[in-house]
Amino acid sequence: MGRKILLEKADIPGIRSYDVYRHHGGYSYVEKALKEMNPSTILREVTRSGLRGRGGAGFPTGLKWSFLDRKTFKPRYLVCNADESEPGTFKDRYLMEYIPHLLIEGLIISSFALGVRTCYIYVRGEFKNLIGILQKAINEAYEHGFLGENILETGCPIDIIVHPGGGAYICGEETALLESLEGKRGNPRIKPPFPAYKGLYGCPTLVNNVETLAAVGPIIHMGGESYAAIGKGKSTGTKLISACGNIKNPGVYEIELGLPVEDFIYSEDYCGGIKNGKRMKAVVPGGSSVPILPAELILRTANGEKRLMTYESMEEGGFDSGTMLGSGGFIVYDEDACIVRNTLNFTRFYHHESCGQCSPCREGTGWMEKILHRIEHGKGKMSDIDLLYSIAGKIEGNTICPLGDAAAWPVASAIRHFRNEFEYHVEYPEKIKNINHGSLIQHPASSIQYR
Amino acid sequence: MSGNLIDHRLKVKENVNVAFSAETLEKVHMLIKRYPEGRQKSALLPVLHIAQEELGGYLSVDVMDYVASLLDIQPIEVYEVATFYSMFFLEKVGKYVFEVCHTGPCAICGGEEIIEYLKKKLEINIGETTPDGMFTLRTVECLGACGYAPVMQVNTDFHEFLTPQKIDDLLEDLRNKANEEKPESSKWVGKFF
Numbered sequence: 161m162g163r164k165i166l167l168e169k170a171d172i173p174g175i176r177s178y179d180v181y182r183h184h185g186g187y188s189y190v191e192k193a194l195k196e197m198n199p200s201t202i203l204r205e206v207t208r209s210g211l212r213g214r215g216g217a218g219f220p221t222g223l224k225w226s227f228l229d230r231k232t233f234k235p236r237y238l239v240c241n242a243d244e245s246e247p248g249t250f251k252d253r254y255l256m257e258y259i260p261h262l263l264i265e266g267l268i269i270s271s272f273a274l275g276v277r278t279c280y281i282y283v284r285g286e287f288k289n290l291i292g293i294l295q296k297a298i299n300e301a302y303e304h305g306f307l308g309e310n311i312l313e314t315g316c317p318i319d320i321i322v323h324p325g326g327g328a329y330i331c332g333e334e335t336a337l338l339e340s341l342e343g344k345r346g347n348p349r350i351k352p353p354f355p356a357y358k359g360l361y362g363c364p365t366l367v368n369n370v371e372t373l374a375a376v377g378p379i380i381h382m383g384g385e386s387y388a389a390i391g392k393g394k395s396t397g398t399k400l401i402s403a404c405g406n407i408k409n410p411g412v413y414e415i416e417l418g419l420p421v422e423d424f425i426y427s428e429d430y431c432g433g434i435k436n437g438k439r440m441k442a443v444v445p446g447g448s449s450v451p452i453l454p455a456e457l458i459l460r461t462a463n464g465e466k467r468l469m470t471y472e473s474m475e476e477g478g479f480d481s482g483t484m485l486g487s488g489g490f491i492v493y494d495e496d497a498c499i500v501r502n503t504l505n506f507t508r509f510y511h512h513e514s515c516g517q518c519s520p521c522r523e524g525t526g527w528m529e530k531i532l533h534r535i536e537h538g539k540g541k542m543s544d545i546d547l548l549y550s551i552a553g554k555i556e557g558n559t560i561c562p563l564g565d566a567a568a569w570p571v572a573s574a575i576r577h578f579r580n581e582f583e584y585h586v587e588y589p590e591k592i593k594n595i596n597h598g599s600l601i602q603h604p605a606s607s608i609q610y611r
Numbered sequence: 018m019s020g021n022l023i024d025h026r027l028k029v030k031e032n033v034n035v036a037f038s039a040e041t042l043e044k045v046h047m048l049i050k051r052y053p054e055g056r057q058k059s060a061l062l063p064v065l066h067i068a069q070e071e072l073g074g075y076l077s078v079d080v081m082d083y084v085a086s087l088l089d090i091q092p093i094e095v096y097e098v099a100t101f102y103s104m105f106f107l108e109k110v111g112k113y114v115f116e117v118c119h120t121g122p123c124a125i126c127g128g129e130e131i132i133e134y135l136k137k138k139l140e141i142n143i144g145e146t147t148p149d150g151m152f153t154l155r156t157v158e159c160l161g162a163c164g165y166a167p168v169m170q171v172n173t174d175f176h177e178f179l180t181p182q183k184i185d186d187l188l189e190d191l192r193n194k195a196n197e198e199k200p201e202s203s204k205w206v207g208k209f210f
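Chains A and B, in that order, give the protein sequences.
The letter at position 307 of the first sequence is residue 467 when you use my numbering, and the numbering goes up by one with no holes.
The letter at position 192 of the second sequence is residue 209 when you use my numbering, and the numbering goes up by one with no holes.
What follows is the structure, encoded as structure tokens:
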């Protein structure tokens, strides 16, 4: 198994409490950052580490931090995005549940580096119990002088406020999240202005994912260069991958970026292979929004090279034969899964979660759902398949926020790689009446991985 | 399409008096003060969660108007938010709301069968409440617990790796403790402090 940085101490009994966390060296990252470093040296280390946004976009964190408007006299805000709702993704929940103080350390160091006084953690409302866990950890940090007016007698004041969402996937988009935090509907804002200039309450704001901020402490501890030495190329460090679907060992795994996908799926240290002796049909490796790939393309790129768990390797081949690392929500499908049914399911999700602001997304997701429903229930026409593909193309890139793209990509990629399944549904409506009809569909031998 | 149509229409205002207990009200005011001056509207989502739980299990127009008065905002500002977010109910629900995830990863791990089982067991359809007012059945989109599929929430408590047997046990357990008072620590208002 690879090196663990975020979850290194997660298995220690009682690590959720301050006392145990402190006993195992906790809050030494904050002590180092606030006593031995200054905001610019922290920013330098984060930039050197090559850390990239772990929420899905993979944008370099140091660069994002450098955009924050430091010239204004307005207060600056840091917002931790804990609105984890991407289907397949449950890594942030795990991190916050088991080792909440690691996130709080990251928030304190980041706030200090960015000159932030008030920091918000926006947690999805369904994680009510997690809100209690975080609040308890924050209370403990206040008690021991790591939060408040004068942290560690350095004169630096930082407050952390936990804020609940109300059940809306769109609030994971950073500008929708800010609207929601202001007590409004989660309608994404047009960019520019970017939140780094005009974010929460019109003030400069930085929004980062839980896992990104949790990595800041260890980076400060080990130094940016040592962190960057882990991983491969521009995919540095470790990443939490939440694996689910038809695998033997679903769960959250910390991997060193660069691990071959095949090892991740079949190694007993990770997914442990496919459940019930079945074979693998397809994988959605980065949360429901990223393109689905058939077994042969997730294991090897179109060039025949081993595909790796890195941002670059996942994207190898573009949308023709590649996908994205995304949020690390790794969904594995066995040979019995029906890709049409799954695509309908995801499309229903995006239709339900569309905020309704942009017509292409609001109307397009609804039409895609209707057409997919028709195909899945044996009432489709051959021309529907191309119609679907064309609607997806008309949503993509034509909306304020990326939810439109996120709704279009699963549909387009499912048709690109599994067109035969769509055709089968249209040709044999009587055979797909049972909901578990996925196993009936004949595949070209190569697209199912024998193992 | 989803079989889970949410009624976005507001009900008629009944002009009944609703108010938090003095204890809760004090905490609500503390919550509001966490946000910058003049930005008290930011406390809307947390206060709505508390209101839904403490004032009847759903957000009636009277409750929403009360929340608006606490935050010194217009009632419409509360209505537009309450109708947007899926965790808020605009009409009466059962004592226990079963929210079963039916998104991709849960669906391929038996989530659809669990929904069918619950429908049969409770003898209601999705979106309905049992005649005794005990259980409401809803389907929800991804609960962010895909590795523990199939998953459902019962009043925001997670139940994971569901099987028919687990559901039978849970139903019996909930029926037995239906009259027990919920401990303060498991309520929304307890989570923020």
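Beta carbons: idealized from backbone N, C-alpha and C, even for Gly.
Taking only three categories from DSSP, how would you classify residue i?
{"i": "B/Met-18", "result": "Caution applies to B/Met-18, whose pLDDT of 36 falls short of 50 and renders its modelled position unreliable; the model cannot decide the point."}
{"i": "A/Ile-545", "result": "helix"}
{"i": "A/Glu-309", "result": "strand"}
{"i": "A/Pro-353", "result": "coil"}
{"i": "A/His-104", "result": "Chain A is shown from 161 up to 611; residue 104 of chain A falls before or after that span and cannot be answered."}
{"i": "B/Glu-133", "result": "helix"}
{"i": "A/Pro-324", "result": "strand"}
{"i": "A/Glu-416", "result": "strand"}
{"i": "A/Gly-557", "result": "coil"}
{"i": "A/Ile-592", "result": "helix"}
{"i": "A/Met-474", "result": "helix"}
{"i": "B/Met-81", "result": "helix"}
{"i": "A/Lys-392", "result": "strand"}
{"i": "A/Leu-263", "result": "helix"}
{"i": "A/His-597", "result": "coil"}
{"i": "B/Asp-63", "result": "Checking the displayed sequence, the identity of residue 63 of chain B turns out to be Pro instead of Asp. Three-state result, B/Pro-63: helix."}
{"i": "B/Val-117", "result": "strand"}
{"i": "A/Cys-316", "result": "strand"}
By Cβ distance below 6 Å, which residues in the same chain neighbour residue i in space, the five residues on each side in sequence not counted?
{"i": "A/Gly-186", "result": "His-261"}
{"i": "B/Pro-122", "result": "Cys-163 and Ala-166"}
{"i": "A/Tyr-189", "result": "Glu-265, Gly-377, Ile-380 and His-381"}
Am I right that residue i and residue j are in contact with their C-beta atoms under 8 Å? What's the rounded C-beta distance?
{"i": "A/Phe-506", "j": "A/Ile-401", "result": "Not confirmed; about 19 Å, so no contact."}
{"i": "A/Glu-581", "j": "A/Ile-499", "result": "5 Å"}
{"i": "B/Leu-160", "j": "B/Ile-143", "result": "With a Cβ gap of about 16 Å, B/Leu-160 and B/Ile-143 do not count as contacting."}
{"i": "A/Leu-366", "j": "A/Ala-356", "result": "6 Å"}
{"i": "A/Ala-574", "j": "A/Ile-380", "result": "Rounded, the Cβ-Cβ distance is 43 Å, inconsistent with contact."}
{"i": "B/Leu-76", "j": "B/Leu-62", "result": "Not quite, the Cβ-Cβ distance comes to about 12 Å (not below 8 Å), so this is no contact."}
{"i": "A/His-585", "j": "A/Gly-540", "result": "6 Å"}
{"i": "A/Leu-238", "j": "A/Val-276", "result": "4 Å"}
Near residue i, what residues of its chain come up, given a Cβ to Cβ distance below 7 Å and the 5 sequence neighbours on each side ignored?
{"i": "A/Ser-395", "result": "Leu-417, Gly-418, Thr-470, Tyr-471 and Glu-472"}
{"i": "B/Leu-27", "result": "Val-78, Tyr-96 and Leu-107"}
{"i": "A/Ile-320", "result": "Ile-264, Leu-267, Cys-279, Ile-281, Ile-298 and Leu-307"}
{"i": "A/Pro-364", "result": "Leu-228, Asp-229, Thr-232, Lys-234, Arg-236, Ala-356 and Tyr-357"}
Can you list, in chain order, the residues of its chain whose CB lies under 8 Å from that of residue i, leaving out five sequence neighbours each side?
{"i": "A/Gly-362", "result": "Lys-234"}
{"i": "A/Pro-199", "result": "Phe-272, Ala-273, Leu-274 and Gly-275"}
For residue i, which residues in chain B fall below 9 Å Cβ to Cβ?
{"i": "A/Leu-312", "result": "Correct list: empty, because the minimum Cβ distance to chain B is about 23 Å."}
Mind pulling the chain B residues with CB within less than 8 Å of residue i?
{"i": "A/His-323", "result": "Ser-59, Leu-62 and Pro-63"}
{"i": "A/Phe-509", "result": "Thr-120, Gly-121, Glu-158 and Cys-159"}
{"i": "A/Glu-342", "result": "Arg-56, Lys-58 and Ser-59"}
For a contact defined as C-beta to C-beta under 7 Å, what are the partners of residue i on chain A?
{"i": "B/Ser-103", "result": "Gly-327 and Ala-328"}
{"i": "B/Pro-53", "result": "Tyr-361"}
So which residues on chain A does residue i lean against when the C-beta distance must stay under 9 Å?
{"i": "B/Ala-124", "result": "Arg-501, Asn-502 and Asn-505"}
{"i": "B/Phe-210", "result": "Gln-295 and Asn-299"}
{"i": "B/His-66", "result": "Gly-285, Lys-288, Pro-324 and Gly-326"}
Just to make sure I have the definition right: I need the residues of chain B whose C-beta is within less than 7 Å of the C-beta of residue i. Which are they?
{"i": "A/Tyr-493", "result": "Ile-125"}
If the cut-off is 8 Å on Cβ atoms, which residues from the stretch 175 to 188 of chain A count as contacting chain B, listed in chain order?
Here the close residues number zero.
Relative to chain B, which residues along the stretch 247 to 265 of chain A have a C-beta separation below 9 Å, given in chain order?
Of all residues in the stretch 247 to 265 of chain A, only Pro-247, Gly-248, Thr-249, Phe-250, Asp-252, Arg-253 and Tyr-254 come within less than 9 Å of chain B when Cβ atoms are compared, listed by chain position.
Taking any Cβ of chain A, which residues in the stretch 176 to 203 of chain B have a Cβ under 7 Å from it, in chain order?
When C-beta distances to chain A are compared with 7 Å, every residue of the stretch 176 to 203 of chain B stays at or above that value.
Pull out every residue of the stretch 218 to 242 of chain A whose Cβ sits closer than 9 Å to any Cβ of chain B, in chain order.
So the close ones are Pro-235.
Under 8 Å (Cβ pairs) to chain B, residues found in the stretch 383 to 413 of chain A:
Residues Ser-402, Ala-403, Cys-404, Gly-405, Asn-406, Pro-410, Gly-411 and Val-412.
Short of 8 Å Cβ to Cβ, which residues in the stretch 348 to 361 of chain A face chain B?
For the stretch 348 to 361 of chain A, which is checked against every Cβ of chain B, the residues closer than 8 Å are Tyr-361.
Of all the residues that make up the stretch 528 to 554 of chain A, which are near chain B by a beta-carbon distance shorter than 8 Å?
Residues Glu-529, Lys-530 and His-533.
Using a Cβ cut-off of 7 Å, which residues of the stretch 87 to 101 of chain B contact any Cβ in chain A, in chain order?
Against chain A - using a Cβ distance shorter than 7 Å - the residues of the stretch 87 to 101 of chain B are Glu-97, Val-98 and Phe-101.
Contact set between the stretch 438 to 452 of chain A and chain B, restricted to residues whose Cβ is under 7 Å from the partner
Of all residues in the stretch 438 to 452 of chain A, Ser-448 have a Cβ within less than 7 Å of some Cβ in chain B.
With 8 Å as the C-beta to C-beta threshold (strictly closer), list the residues of the stretch 34 to 45 of chain B near chain A in chain order.
Among the residues of the stretch 34 to 45 of chain B, none has a Cβ less than 8 Å away from any Cβ of chain A.
Residues in the stretch 194 to 209 of chain A with C-beta within 8 Å of chain B's C-beta atoms, listed in sequence order?
Taken residue by residue, none of the stretch 194 to 209 of chain A has a beta-carbon sitting less than 8 Å from a beta-carbon on chain B.
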